[in-house]
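Visitor: If you read the sequence shown in our numbering, its first letter stands for residue 1, the second for the next number, and so on. Note that beta-carbon positions come from the ideal geometry of N, C-alpha and C, so glycine has one too. Mind looking over this structure? Questions follow.
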Amino acid sequence: MTTYLIDKRFHTRVARSQRVVEVAEAFGLGLDDKEFVIFDRLNLDVEQGDVVYITGQSGAGKSLLLRELSDQMGAAGKKVANLDHVHLEPDVPLIDQIGTSTNDAIRLLSIAGLNDAYLFIRKPGELSDGQRYRFRLAKAIESQADVWVADEFMAVLDRTAAKVIAYAVQKTARKVGATVIVATTHLDLVEDLQPSLYIEKRYREKLRIETFKELNGAAAGARVMTRDEAFELLKRMA
1 MTTYLIDKRF
11 HTRVARSQRV
21 VEVAEAFGLG
31 LDDKEFVIFD
41 RLNLDVEQGD
51 VVYITGQSGA
61 GKSLLLRELS
71 DQMGAAGKKV
81 ANLDHVHLEP
91 DVPLIDQIGT
101 STNDAIRLLS
111 IAGLNDAYLF
121 IRKPGELSDG
131 QRYRFRLAKA
141 IESQADVWVA
151 DEFMAVLDRT
161 AAKVIAYAVQ
171 KTARKVGATV
181 IVATTHLDLV
191 EDLQPSLYIE
201 KRYREKLRIE
211 TFKELNGAAA
221 GARVMTRDEA
231 FELLKRMA
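Put into structure tokens, the structure is as follows:
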């Protein structure tokens, strides 16, 4: 297990023009330099293969934390893949975009859950959003990245599709031993991602950091999607 130290603070300085001074005097505003502390010497213990779920209000520092963690992991020698930036050729069949051979391509696609033969000859532009995301996972596996990161995770998908894909991400990552770090404003993916570490960041409040087991009590009202239900939903979405 590796401990990562996150310490981020910003200093602001107001440019003093005549109008700025006039407004400050009129409304009683201070023009002194200020320090804004986003993360105050935060120590995070992350083990290879963990799933880290970062959530909270917009602008509270989720993306900053994701970048700091992934940058430190990269600096430590880990290979990092951004799932949002995986390049797909929209008009080339999946089987021709991945793997060193046909068998290798089928193996990678199957690990990511794209194991229906008719999908092998489809193009990314012909896939559903969920299937395209699974293809990104297959490409991430091929890259042998140690860490997968995704900012604004599942932000634009409908919530049913988002939950199915979140479940697929954590199952695939745990199958190959990849660390996953996601940042999202959505709170409804906890049961599907089953995070090793849950981090909630809000303005001017202490961080909430819990494990999935600790979260189970707080999320007792949420229904866990079973494996069979997830695959049934994926079939209907195909």
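If the criterion is Cβ atoms closer than 8 Å, does the pair lysine 62 and alanine 183 meet it?
Guide: Cβ distance < 8 Å, so lysine 62 and alanine 183 count as in contact.
Visitor: Which same chain residues, not among the five before or five after glycine 125, have their C-beta less than 6 Å away from its C-beta?
Guide: Counting only Cβ-Cβ distances below 6 Å, and skipping sequence neighbours, we find Pro90.
Visitor: Cβ of leucine 83 within 8 Å of Cβ of alanine 140?
Guide: Yes, they are a contact pair.
Visitor: Going by DSSP in three states, glutamate 142 sits in which element: helix, strand or coil?
Guide: Correct three-state label for glutamate 142: helix.
Visitor: From what residue to what residue does the beta strand (DSSP E) around aspartate 7 run?
Guide: First-last of the beta strand (DSSP E) with aspartate 7: 2–12.
Visitor: Would leucine 69 and isoleucine 165 be called neighbours here (beta carbons separated by less than 8 Å)?
Guide: Cβ distance not < 8 Å, so leucine 69 and isoleucine 165 don't count as in contact.
Visitor: Would you check if the distance between the CB atom of aspartate 192 and the CB atom of tyrosine 167 is smaller than 8 Å?
Guide: In contact: aspartate 192 and tyrosine 167 (Cβ atoms closer than 8 Å).
Visitor: The alpha helix (DSSP H) that contains tyrosine 167, what's its start and end?
Guide: Note, tyrosine 167: alpha helix (DSSP H), 159–176.
Visitor: Helix, strand or coil: how does DSSP classify glutamine 18 here?
Guide: In this structure, glutamine 18 counts as helix in the three-state DSSP scheme.
Visitor: Residues in its own chain within less than 6 Å of valine 51 by CB, not counting five upstream and five downstream?
Guide: Counting only Cβ-Cβ distances below 6 Å, and skipping sequence neighbours, we find Gln170, Val180, Leu193, Pro195, Ser196.
Visitor: Please confirm whether isoleucine 98 and alanine 138 have their CB atoms less than 8 Å apart.
Guide: Cβ atoms of isoleucine 98 and alanine 138: closer than 8 Å.
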